[in-house]
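These notes are about the structure you will find just below.
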Amino acid sequence: MELHNGKLFWPTTYNDSEKEFDTHYDVAIIGGGMSGALCAYVLSREGLKVAIIEKRQLASGSSSANTGLLQFSNDIMLHELIDEIGEEQAVRFYKLCQEAVGHLEEVAMTLPVSPEFTRRKSIYYASSPLHLPKLKKEYKTLKEHGFPVEYWSKKDMKEHLPFSKSGALITHGDAEVNPFRFVNGMFEYLKEHNTTAFEGTEAIEVKEDGEKVIIETTKGTLTASHVVHSTGYETPPLSENIGTEINRSYAIATKPVDDLSQWHERALIWETDRPYLYLRTTVDNRIIAGGLDEDPAEAPQSMEKIEKHGKKIEKEVQKMFPGLNVEMEYAWGASFGESLDHLPYIGRHPDKERIYYLLGYGGNGTVYSMLGSRILRDLILGRPNEDADLVKLDR
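UniProt numbering numbers the first residue of the sequence shown as 1 and each following residue consecutively.
Set out below in structure tokens:
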């Protein structure tokens, strides 16, 4: 599956050479993107010897098309998730996402490459006045459970932003990151921390053999005590047992904008419509914006189509910020996955003791990968983890 096409922005901000690899490990991670890097980082901090197996180049899949918004709020509102899975579990999941943003910041601070991690507030506005009741209900629910949130009226919106909406939630403690620099910064860190990478190496067969797992690859065979599949949206494992769907989305990066002073504290911006438009800024004053999600699973092949969708996004951004000169420079389309119950799939294979999965399905993929890496760490090391059942594969 082609995970993305078009003219990507993030890969222009970082360059690295091929890495060498070894043969036997405590943990082998299949997939060298954001999920694989975070999992390797967390496991290496425990002193484990880790291998990363990537059939292309590291960070060449969905990670290079990631738009880098890190939020504790999810595509499904907290009060809606409570209706689906119950109050205790829903609130705990939101708390895990909130904690994960903090853990991502801790990772960022250790890297030899600046990942441009910056704490931001988020503005979640009502796309239509008809959405105000559920937005107000979400405000009440978040507030009740101790999440840092404000409610802005239409008057408040006019005071802070050049576009007018009927209301918005302002959440605090979110963040933005350059995902390509972040993931490659982790790989730089991992070079010196008991981790090796197999680039250009495809895992052909993975099978348990007593107290080890044998991994047959296009470059030979290696063994590991445990294997983690972090292949993202490309090859959903256990597809007959888990509910997922793969769609595609579009994003743009504009040319640098002279003055962003009318953009309130450079907040992350998104909306209640589905699919939704989302926006952020970059350290060099670009605007990253995305949306226009579609059902087809494959990343769009036509550059003409990508640029056409990019122009639509550019037009929406210009409408919101009429005082800015918004000019698209990069445009891309990418595949992304969602689970039917709005939670990621993370945990041990139901029938295989040494095989694990880290699948951050949903709009908060990086956040899910962070919280999931910590859950898998505990499972692999035999530690108790009360949150594992929330996201297990056979839930």
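By construction, the Cβ of each residue, glycine as well, lies at the ideal position given by its N, Cα and C atoms.
* Asp284, DSSP secondary structure in three states -> Position 284 of the sequence shown holds residue 284. Coil.
* **Beta-carbon contacts of Ile82 that lie in its chain and below 6 Å, excluding the five residues immediately before and after** => Against the sequence shown, residue 82 aligns to sequence position 82. Within the same chain, Ile82 has close Cβ partners Ala90.
* To do: Please work out which residues of its chain come closer than 7 Å, Cβ to Cβ, to Asn178, disregarding the five sequence neighbours upstream and downstream, and give them in chain order.
  => Residue numbering aside, residue 178 sits at position 178 when the sequence shown is read from its first letter. Result list for Asn178: Trp10, Thr13, Gly68, Pro115 and Glu116, in chain order.
* **Start-end ranges of the beta strand (DSSP E) lying completely within the segment 289 to 348, minimum 3 residues** => 328 to 339 and 345 to 348
* Touching or not, the segment 34 to 48 and the segment 302 to 319, by the rule of three or more beta carbon pairs under 8 Å? -> no
* Please report how far the alpha carbon of Glu338 lies from the alpha carbon of Tyr357, in whole angstroms. => On the sequence shown, residue 338 is found 338 positions in, with the first residue counted as 1. On the sequence shown, residue 357 is found 357 positions in, with the first residue counted as 1. For Glu338 and Tyr357, the distance between alpha carbons rounds to 15 Å.
* Could you tell me which of Arg354, His264 and Ile53 sits nearest to Lys207, measuring between CA atoms? => Within the sequence shown, the letter at position 207 stands for residue 207. The shortest C-alpha separation from Lys207 is found at Arg354.
* DSSP beta-bridge partners for Leu358? -> On the sequence shown, position 358 is the one that residue 358 refers to. DSSP output for Leu358 lists Ile346 as bridge partner(s).
* Would you be able to state if there are at least three C-beta pairs under 8 Å between the segment 155 to 172 and the segment 256 to 275? => yes
* **Ser225: first and last residue of the uninterrupted beta strand (DSSP E) it sits in** => As a position in the sequence shown, residue 225 is number 225, starting the count at 1. Where Ser225 is concerned, the enclosing beta strand (DSSP E) stretches over Gly220 to His229.
* Would you check if the distance between the CB atom of Pro129 and the CB atom of Ser166 is smaller than 7 Å? => Along the sequence shown, one-based indexing puts residue 129 at 129. Along the sequence shown, one-based indexing puts residue 166 at 166. Yes, Cβ-Cβ distance for Pro129 and Ser166 is below 7 Å.
* To do: Can you check DSSP and say which residues form a bridge with Glu6?
  => Locating residue 6 in the sequence shown gives position 6, where the first residue counts as 1. The identity of residue 6 in the sequence shown is Gly, whereas the question assumes Glu. Per DSSP, Trp332.
* Which of helix, strand or coil DSSP assigns to Gly365 -> Locating residue 365 in the sequence shown gives position 365, counting from the first residue. Reduced to three states, the DSSP call for Gly365 is helix.
* Asked: Between the C-alpha atoms of Gly6 and Glu88, what's the straight-line distance to the nearest angstrom?
  -> Indexing the sequence shown from 1 puts residue 6 at position 6. Indexing the sequence shown from 1 puts residue 88 at position 88. Roughly 42 Å separates the two Cα atoms.
* Kindly indicate the opening and closing residues of the alpha helix (DSSP H) around Gly185. => The sequence position of residue 185 within the sequence shown is 185, counting from 1. Gly185 -> alpha helix (DSSP H) spans Pro179 to Lys191.
* **Residue interval of the alpha helix (DSSP H) (run including Phe198)** => Sequence index remark: in the sequence shown, residue 198 carries index 198 (1-based). That residue, Phe198, is in no alpha helix (DSSP H); its beta strand (DSSP E) goes Thr195 to Phe198.
* May I ask which residues mark the beginning and end of the beta strand (DSSP E) holding Ile52? => Counting from one through the sequence shown, the residue named residue 52 turns up at place 52. Where Ile52 is concerned, the enclosing beta strand (DSSP E) stretches over Val50 to Ile53.
* **In DSSP terms, what Thr244 is bridged to** => Residue 244 sits at position 244 when you count from the first residue of the sequence shown. Partner(s): Ser339.
* **Chain-order list of residues whose beta-carbon lies under 6 Å from that of Leu324 (same chain, five-residue window excluded)** => As a position in the sequence shown, residue 324 is number 324, starting the count at 1. So the list reads Val257, once near-sequence residues are dropped.
* Three or more C-beta pairs closer than 8 Å, one from the segment 51 to 58 and one from the segment 241 to 254: is that the case here? -> no
* So Val27 is in the beta strand (DSSP E); what residue range does that whole segment cover? -> Locating residue 27 in the sequence shown gives position 27, where the first residue counts as 1. Val27 -> beta strand (DSSP E) spans His24 to Ile30.
* Is it buried or exposed for Arg383, if we count other Cβ within 10 angstroms and need 16 for buried? -> Here residue 383 corresponds to residue number 383 of the sequence shown, with the count starting at 1. Exposed, because fewer than 16 other Cβ atoms sit within 10 Å of the Cβ of Arg383.
* To do: Going by CA-CA distance only, name the one from Asn194, His226, Val183 and Tyr368 that's closest to residue 418.
  => Nothing can be reported for residue 418, as the shown portion of the chain is limited to 1 through 395.
* Simplified DSSP assignment, three categories, for Asp209 -> Residue numbering aside, residue 209 sits at position 209 when the sequence shown is read from its first letter. Looking at Asp209 - three-state DSSP - the assignment turns out to be strand.
* Asked: Counting Cβ pairs closer than 8 Å, one from the segment 205 to 224 and one from the segment 283 to 291, do we hit at least three?
  -> no
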